[in-house]
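Colleague: Numbering (the working numbering), first residue to last: 12 to 122.
All C-beta atoms, glycine included, are put in the ideal place defined by N, C-alpha and C.
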Amino acid sequence: MTKYIIGVDGGGTKTHYALFNSQGKFINFIKGGPTNHEIYPDGYKGASKEIKSSVLKLLQQSRLKPEDLSYGIFGLAGVDIKSQKKELSGIIYETGIRNFEVFNDAFLGIK
12 MTKYIIGVDG
22 GGTKTHYALF
32 NSQGKFINFI
42 KGGPTNHEIY
52 PDGYKGASKE
62 IKSSVLKLLQ
72 QSRLKPEDLS
82 YGIFGLAGVD
92 IKSQKKELSG
102 IIYETGIRNF
112 EVFNDAFLGI
122 K
C-alpha cells in the first residue's frame, strides 16, 4: 500500500497544502486561508477551522484518508514558543494525522 506525505506552509494570509507519495511524486495541491492563530479574533479556533477543513479537502480530492499519510510537516506562522506548538499540534492530531512535526514557517527552508 502506498503511503503519502503532506507538507504545509502556513502563513498569515494564505496556506499551501501539498501532497506527495512516498517516492516523492507530486500528487495534489490546494491553497487555503491563513493558519496563523494570532490573526483570528477567536485565536486557535479560527486556525483550527482552516487547518481541518483544508486538510480534509486535500485528502478528499486525492481520495485518501488520514491513515494513508505516513508523515506530515507543518510550517506555521505564529509557532514561536512551546505552548503554541503544543496547541497547534493538538489541532493537527484532531485531523487524524498521527506522525508529523510542527515548526515556525520560517524554519521550513532551514530544516
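Name the residue from Lys25, Gly22, Thr26 and Asn32 whose alpha carbon lies nearest to the alpha carbon of Ile16.
Modeller: Translated into the one-based positions of the sequence shown, residue 16 becomes position 5. Selected option, being the one with the closest Cα: Asn32.
Colleague: Answer yes or no: do Ile62 and Leu80 have a C-beta to C-beta separation smaller than 7 Å?
Modeller: Position 51 of the sequence shown holds residue 62. Position 69 of the sequence shown holds residue 80. Cβ atoms of Ile62 and Leu80: not closer than 7 Å.
Colleague: Give the list of continuous beta strand (DSSP E) stretches no shorter than 3 residues that lie fully inside the stretch 57–87.
Modeller: Taking only runs of at least 3 residues, the beta strand (DSSP E) segments lying wholly in the stretch 57–87 are 80–87.
Colleague: Near Glu133, what residues of its chain come up, given a Cβ to Cβ distance below 6 Å and the 5 sequence neighbours on each side ignored?
Modeller: In this structure the chain extends from 12 to 122, so residue 133 is not present and cannot be described.
Colleague: Between which two residues does the beta strand (DSSP E) carrying Leu30 extend?
Modeller: On the sequence shown, residue 30 is found 19 positions in, with the first residue counted as 1. Leu30 -> beta strand (DSSP E) spans Thr26 to Asn32.
Colleague: Using 10 angstroms around the beta-carbon of Tyr201, count the other beta-carbons present and answer buried if the total reaches 16, otherwise exposed.
Modeller: Outside the shown range of the chain (12 to 122) lies residue 201, about which nothing can therefore be said.
Colleague: Per DSSP, what kind of secondary structure is Lys96 in: helix, strand or coil?
Modeller: Your numbering for residue 96 matches position 85 in the sequence shown. Three-state DSSP puts Lys96 in a helix.
Colleague: I'd like the list of long-range same chain contacts for Tyr51, defined as Cβ closer than 7 Å, with 5 residues on each side in sequence excluded.
Modeller: The residue given as residue 51 occupies position 40 in the sequence shown. Excluding residues within five positions, the ones whose Cβ falls inside 7 Å are Gly57 and Ala58.
Colleague: Report the residue from Leu87, Val19, Gly54 and Ile38 whose alpha carbon sits nearest the alpha carbon of Leu75.
Modeller: Sequence index remark: in the sequence shown, residue 75 carries index 64 (1-based). Comparing Cα-Cα distances from Leu75 to each of Leu87, Val19, Gly54 and Ile38, the minimum goes to Ile38.
Colleague: Candidates Glu112, Asp116, Pro45 and Asp20: which alpha carbon is nearest Asp91's?
Modeller: Along the sequence shown, read from residue 1 onward, the residue named residue 91 stands at position 80. Comparing Cα-Cα distances from Asp91 to each of Glu112, Asp116, Pro45 and Asp20, the minimum goes to Asp116.
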